[in-house]
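Chemist: Have a look at this one before I ask anything.
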Amino acid sequence: MADPRQLAALRGNLACRSRLGLTQIEGSRGEMDQLMAEIMPASPKPSLGSLSDVRGWLGECTRCPLSGQRNKIVFGAGPEDARIMFIGEGPGQREDRQGLPFVGPAGQLLDAMLAAVGMQRSQVYITNIVKCRPPGNRDPQPGEVAACRPFLEAQVKLIAPTAICALGRPASQALLATDAPIGRLRGSWAEALGVPVLPTYHPAYLLRNPEAKAMAYNDLKALVRGPAN
Ligand code: SF4
1 MADPRQLAAL RGNLACRSRL GLTQIEGSRG EMDQLMAEIM PASPKPSLGS
51 LSDVRGWLGE CTRCPLSGQR NKIVFGAGPE DARIMFIGEG PGQREDRQGL
101 PFVGPAGQLL DAMLAAVGMQ RSQVYITNIV KCRPPGNRDP QPGEVAACRP
151 FLEAQVKLIA PTAICALGRP ASQALLATDA PIGRLRGSWA EALGVPVLPT
201 YHPAYLLRNP EAKAMAYNDL KALVRGPAN
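Below is the structure:
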């Protein structure tokens, strides 16, 4: 256990770095995970009976440096009894302003993709592996993902979906604890947090690479059919 005064100094250092726009910290993934575990406030996990309990537990979170530049936490949206969850990598600029996931052009494409396979956004739960916007839309760093992970795990446990669709490389790699490229992961069922997971391309990637839309459409059809089919 680290000295509380050292941890307070470390928190102050990280907050200062964040205000200065310094978002890179050197270290191995294991070192970063250990660091984030140590600087997270040692508040015990409360009783979590609903998503609003999880949101309350999250509070105005400052557990990782992403809190320093965010406008709004993007917790997630959708029904608590959704059968399918979509998990992306993190909020973008519009999401950060509005506090809602997938509200920009990528969100509109996701809506269109859902409609193409007979689903509506109101039927699914959408969230991200980190709830605050990474500056410049960079990939979330391992320590940030680790700091936010308990809240994602609590969301998945409460919603208990029959399937998760991981949107894009960072979300797929974080959920499946792999470094494999998205081109190899997409379209194949795996498992994370006790739930079948189907990775596919992120809608933002599809906007830049429309030739990949047909593969994503096939992935969503497989998502609707479920892992057993
Ligand atoms: S990304 Fe998650 S852990 Fe980091 S400050 Fe935001 S809510 Fe907290």
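The opening residue of the sequence shown carries number 1 in the numbering used here; numbering runs sequentially from there. Using N, Cα and C, we set each Cβ at its ideal position, and we do this for glycine too.
Return no unless some Cβ of chain D is closer than 9 Å to the Cβ of Thr162.
Modeler: Annotation note: the requested chain D is absent from the structure, which comprises a single protein chain.
Chemist: Given 8 Å as the limit, tell me if Ser67 has its C-beta closer than that to any heavy atom belonging to the ligand SF4.
Modeler: For this step, residue 67 is matched to residue 67 along the sequence shown. Yes, since a heavy atom of the ligand SF4 falls inside the 8 Å radius drawn around the Cβ of Ser67.
Chemist: Under three-state DSSP, which class holds Tyr201?
Modeler: By one-based count along the sequence shown, residue 201 stands at place 201. In the structure shown, Tyr201 sits in coil (DSSP, three-state: anything other than H, G, I, E or B).
Chemist: Spell out a yes or no on whether the stretch 66 to 74 and the stretch 121 to 131 are touching, meaning 3 or more CB-CB pairs, one atom from each, closer than 8 Å.
Modeler: Enough Cβ pairs lie closer than 8 Å, so yes.
Chemist: Strictly by DSSP, which residues pair up with Val195?
Modeler: Numbered from its first residue, the sequence shown carries residue 195 at position 195. Paired residue(s): Ala192.
Chemist: Taking all protein chains shown into account, do 16 or more other C-beta atoms lie within 10 angstroms of the C-beta of Glu95, making it buried, or fewer, making it exposed?
Modeler: Counting from 1 along the sequence shown, the entry for residue 95 is found at position 95. Label assigned to Glu95: buried.
Chemist: Considering Cα atoms alone, identify which of Ala222, Ala163, Leu152, Glu211 is closest to Leu51.
Modeler: Stepping through the sequence shown from its first residue, residue 51 is reached at position 51. The candidate whose alpha carbon is nearest that of Leu51 is Leu152.
Chemist: I need the straight-line Cα distance from Leu185 to Thr200, nearest angstrom please.
Modeler: The residue you call residue 185 lines up with position 185 of the sequence shown. The residue you call residue 200 lines up with position 200 of the sequence shown. Roughly 8 Å separates the two Cα atoms.
Chemist: Compare the C-alpha of Met215 against each of Arg121, Asp81, Asp179, Met113 and name the closest.
Modeler: If you number the sequence shown from 1, residue 215 lands on position 215. Closest option to Met215, Cα to Cα, is Met113.
Chemist: Suppose the cutoff is 6 Å on Cβ atoms and the five residues either side in sequence are ignored; what does the same chain contact list for Ala190 look like?
Modeler: Counting from 1 along the sequence shown, the entry for residue 190 is found at position 190. Result list for Ala190: Leu176, Val197, in chain order.
Chemist: Does DSSP classify Ala177 as helix, strand or coil?
Modeler: Here residue 177 refers to the residue found at position 177 when the sequence shown is read from its first residue. In this structure, Ala177 counts as coil in the three-state DSSP scheme.
Chemist: Go through its chain and collect everything with a Cβ distance to Asn218's Cβ below 8 Å, but skip five positions before and after it.
Modeler: On the sequence shown, residue 218 is found 218 positions in, with the first residue counted as 1. Counting only Cβ-Cβ distances below 8 Å, and skipping sequence neighbours, we find Gly187.
Chemist: Less than 9 Å between the beta carbons of Val74 and Gln155, yes or no?
Modeler: Locating residue 74 in the sequence shown gives position 74, where the first residue counts as 1. Locating residue 155 in the sequence shown gives position 155, where the first residue counts as 1. The answer is no: Cβ separation not under 9 Å.
Chemist: Using a threshold of 9 Å, state whether the C-beta atoms of Cys148 and Pro140 are closer than that.
Modeler: Stepping through the sequence shown from its first residue, residue 148 is reached at position 148. Stepping through the sequence shown from its first residue, residue 140 is reached at position 140. In this structure, Pro140 lies closer than 9 Å to Cys148 by Cβ.
Chemist: If you compare alpha carbons, which of Gly59, Leu110, Gln173, Thr178 is closest to Ala204?
Modeler: For the purposes of this step, residue 204 is taken as residue 204 along the sequence shown, with counting starting at 1. Among Gly59, Leu110, Gln173, Thr178, the Cα nearest to that of Ala204 is on Leu110.
Chemist: For Ala174, is the classification buried or exposed, using 16 other Cβ atoms within 10 angstroms of its Cβ as the cut-off for buried?
Modeler: For this step, residue 174 is matched to residue 174 along the sequence shown. Counting Cβ neighbours within 10 Å, Ala174 comes out buried, since at least 16 surround it.
Chemist: Could you tell me the boundaries of the alpha helix (DSSP H) in which Leu51 lies?
Modeler: Mapped onto the sequence shown, residue 51 falls at position 51. It spans 51 to 58 - the alpha helix (DSSP H) in which Leu51 sits, taken as one unbroken run.
Chemist: Taking DSSP's pairing of strands, which residues face Tyr125 in a bridge?
Modeler: To locate residue 125, count along the sequence shown from 1; it is residue 125. For Tyr125, which the question treats as bridged, DSSP gives the partners Met85.
Chemist: In or out: Pro170 buried (at least 16 other Cβ within 10 Å) or exposed?
Modeler: Reading the sequence shown from its first residue, position 170 is the one you call residue 170. Its Cβ being crowded by 16 or more others within 10 Å, Pro170 is buried.
Chemist: Cα separation between Ala83 and Pro227?
Modeler: In the sequence shown, counting from the first residue as 1, residue 83 sits at position 83. In the sequence shown, counting from the first residue as 1, residue 227 sits at position 227. It is Arg, not Ala, that sits at residue 83 in the sequence shown. So the alpha carbons of these two residues sit roughly 13 Å apart.
Chemist: Nearest to Ser122 by alpha carbon, out of Pro101, Pro135, Ala180, Ser172?
Modeler: Residue mapping note: residue 122 aligns to position 122 of the sequence shown, counting from 1. Comparing Cα positions, the closest option is Pro101.
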